[in-house]
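As structure tokens, the structure follows; a few thoughts come after it.
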Amino acid sequence: MTKYKVVITGEILPSALAAIEEQCEVRQWQKSTPPRVEELAKWLEDAEGLFVTGKIAVNETLLAAAPKVRVIAQSSVGYDNIDIKACTNRKIPFGNTPGVLVEATADLAFGLLLTAARRIHEGWDWVRAGKWQEGQLPLGVDLYNKTVGIVGMGAIGSAVARRAQASGMKVIYNNRHPRPDQEQLKAEYRTLSELLAAADFIIVLTPLTPESQGMFGAKEFAQMKPTAYFINAARGGVVDTQALYKALSDKQIAYAALDVTDPEPLPANHPLLQLPNILVVPHIGSATTETRNRMAMLAAENLLLGLAGKPLVTCVNSEVNYR
2 MTKYKVVITG EILPSALAAI EEQCEVRQWQ KSTPPRVEEL AKWLEDAEGL FVTGKIAVNE
62 TLLAAAPKVR VIAQSSVGYD NIDIKACTNR KIPFGNTPGV LVEATADLAF GLLLTAARRI
122 HEGWDWVRAG KWQEGQLPLG VDLYNKTVGI VGMGAIGSAV ARRAQASGMK VIYNNRHPRP
182 DQEQLKAEYR TLSELLAAAD FIIVLTPLTP ESQGMFGAKE FAQMKPTAYF INAARGGVVD
242 TQALYKALSD KQIAYAALDV TDPEPLPANH PLLQLPNILV VPHIGSATTE TRNRMAMLAA
302 ENLLLGLAGK PLVTCVNSEV NYR
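Counting in my numbering, the sequence shown runs from 2 upward without gaps.
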């Protein structure tokens with residue numbers, strides 16, 4: 002049988018690659034640096050499917066170089082690197098991988114909160130440096146009876162709420178609209194200003210959109226308690242990095258714990274990394290063996306379904322999904 006022609010822009014898990022190779026002739030970018038469009042140009046000329054990994058931008062320029070592509074898949078929930086309008090205009094369905102990483106990302110978000118609150122990583126640094134007997138590690142804070150404010154109360158936010166409630170925390174949240182099931186979630190809706198003023202811990206889980214770009218800046222940090230802990234497990238671009246640096250260095254807020262940054266990665270000499278009241282991890286919200294495998298396999302399934310002219314399981318621009 003004739004195989005579909007597919008371009009993969011970076012590394013993917015062997016299980017997903019094997020599934021794709023059963024039906025496709027694969028051209029895979031092997032270098033550690035993301036490819037530029039001109040470097041993929043020959044491959045894209047006759048490619049029918051595109052599996053996106055890494056930070057490559059799928060925009061008009063790339064799509065113009067790929068006139069035969071009829072499906073695009075990416076192994077992630079976020080898709081701020083994808084021009085959805087451009088894909089839709091060309092009637093190309095785009096599939097992402099929501100749902101499968103909810104619990105892993107919620108674990109990480111709440112883990113950042115707990116680690117920051119109890120200064121766990123700093124305790125490890127002290128032990129490793131032989132400082133166990135050399136004084137008092139800065140004290141942490143309790144979670145019990147504290148208020149956590151979740152900005153972006155989707156599936157991941159709801160999963161974080163369950164973890165917070167198990168620790169005896171009160172949950173408030175902000176969304177574009179109050180959730181009709183908030184009583185079942187045992188969470189109370191607040192405007193963003195109300196949430197920032199009331200929360201002891203703020204967890205950001207909102208997607209990056211033109212509306213949410215830079216939504217946490219100097220004004221928002223000024224509304225927080227000086228004892229507030231700020232956790233971002235969404236996208237780096239939701240936060241004004243310079244405003245966060247100033248809020249931390251001026252002790253306007255107590256602490257920040259970040260899974261995502263802007264820029265990403267942060268340069269090793271970035272001023273934010275020189276502060277004592279911050280914890281940064283390298284975007285590992287979905288980084289478990291089980292979750293990454295489920296994501297890769299769902300993205301592969303979306304790709305293969307689209308190539309066969311069948312509906313993608315998870316399609317962002319559903320108006321052009323195959324019927």
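For every residue, glycine included, the Cβ atom is placed at its ideal position computed from N, Cα and C.
In whole angstroms, what is the alpha-carbon distance linking residue i and residue j?
i, j, result
"Gln-166", "Ala-188", "9 Å"
"Gly-124", "Ile-204", "23 Å"
"Lys-69", "Asn-60", "15 Å"
"Tyr-174", "Ala-156", "13 Å"
"Leu-206", "Pro-227", "22 Å"
"Lys-32", "Ser-77", "20 Å"
"Ala-248", "Phe-217", "11 Å"
"Tyr-80", "Asn-294", "19 Å"
"Asn-322", "Pro-312", "6 Å"
"Asp-182", "Ala-118", "29 Å"
"Leu-64", "Gly-96", "16 Å"
"Leu-115", "Gly-215", "25 Å"
"Glu-40", "Thr-34", "11 Å"
"Arg-164", "Asp-84", "34 Å"
"Gln-185", "Leu-138", "40 Å"
"Gly-136", "Ala-130", "13 Å"
"Leu-305", "Thr-242", "39 Å"
"Leu-245", "Thr-192", "21 Å"
"Leu-196", "Asn-90", "39 Å"
"Gly-150", "His-284", "21 Å"
"Pro-264", "Ser-319", "31 Å"
"Arg-180", "Lys-220", "26 Å"
"Gln-134", "Asn-270", "30 Å"
"Gly-310", "Ala-300", "15 Å"
Can you tell which of the options has its C-alpha closest to the C-alpha of residue i?
i, options, result
"Val-161", "Lys-247, Asp-108 and Val-78", "Asp-108"
"Val-7", "Val-27, Glu-23 and Ile-13", "Val-27"
"Gly-50", "Glu-22, Gln-31 and Arg-37", "Glu-22"
"Ala-66", "Lys-86, Leu-144, Asn-82 and Arg-37", "Arg-37"
"Gly-238", "Ala-87, Glu-184, Lys-247 and Thr-210", "Thr-210"
"Ala-198", "Pro-283, Gln-224, Lys-220 and Gln-185", "Gln-224"
"Gly-100", "Asn-303, Thr-116 and Thr-292", "Thr-292"
"Gly-55", "Glu-104, Gln-29 and Val-152", "Gln-29"
"Gly-307", "Gln-24, Gly-141 and Met-154", "Gln-24"
"Leu-140", "Ile-121, Phe-202 and Gly-169", "Ile-121"
"Glu-12", "Ala-48, Lys-43, Ile-57 and Ala-42", "Ile-57"
"Asn-176", "Asn-270, Glu-46, Glu-212 and Asp-263", "Glu-212"
"Asn-146", "Asp-201, Gly-158 and Gln-134", "Asp-201"
"Arg-236", "Glu-221, Trp-44, Tyr-190 and Pro-208", "Pro-208"
"Gly-169", "Asp-143, Tyr-190 and Ala-48", "Asp-143"
Helix, strand or coil for residue i, going by three-state DSSP, please let me know.
i, result
"Gln-253", "coil"
"Ile-232", "strand"
"Val-128", "helix"
"Cys-88", "helix"
"Lys-220", "helix"
"Lys-69", "coil"
"Gln-275", "helix"
"Lys-6", "strand"
"Leu-138", "coil"
"Lys-28", "According to the sequence as given, residue 28 is Arg; it is not Lys. Residue state, collapsed to three classes: strand."
"Thr-280", "The sequence shown places Leu at residue 280, not Thr. Leu-280: strand per DSSP, three-state reduction."
"Asn-175", "strand"
"Leu-63", "helix"
"Gly-150", "strand"
"Tyr-145", "coil"
Would you please state the rounded distance, in angstroms, between the beta carbons of residue i and residue j? I believe it to be under 8 Å.
i, j, result
"Thr-10", "Val-53", "5 Å"
"Leu-276", "Leu-267", "With a Cβ gap of about 12 Å, Leu-276 and Leu-267 do not count as contacting."
"Pro-94", "Val-72", "6 Å"
"Thr-315", "Thr-98", "6 Å"
"Ala-74", "Met-298", "No, Ala-74 and Met-298 are not in contact; Cβ-Cβ is about 11 Å, not under 8 Å."
"Leu-14", "Ser-287", "The Cβ separation is near 12 Å, so there is no contact."
Does the Cβ of residue i lie closer than 7 Å to at least one heavy atom of the ligand FAD?
i, result
"Leu-138", "The model depicted lacks the ligand FAD and carries no ligand whatsoever."
Contact between the region 232-243 and the region 109-122 (3+ Cβ pairs under 8 Å): yes
At least 3 beta-carbon pairs within less than 8 Å: the region 249-260 vs the region 278-287: yes
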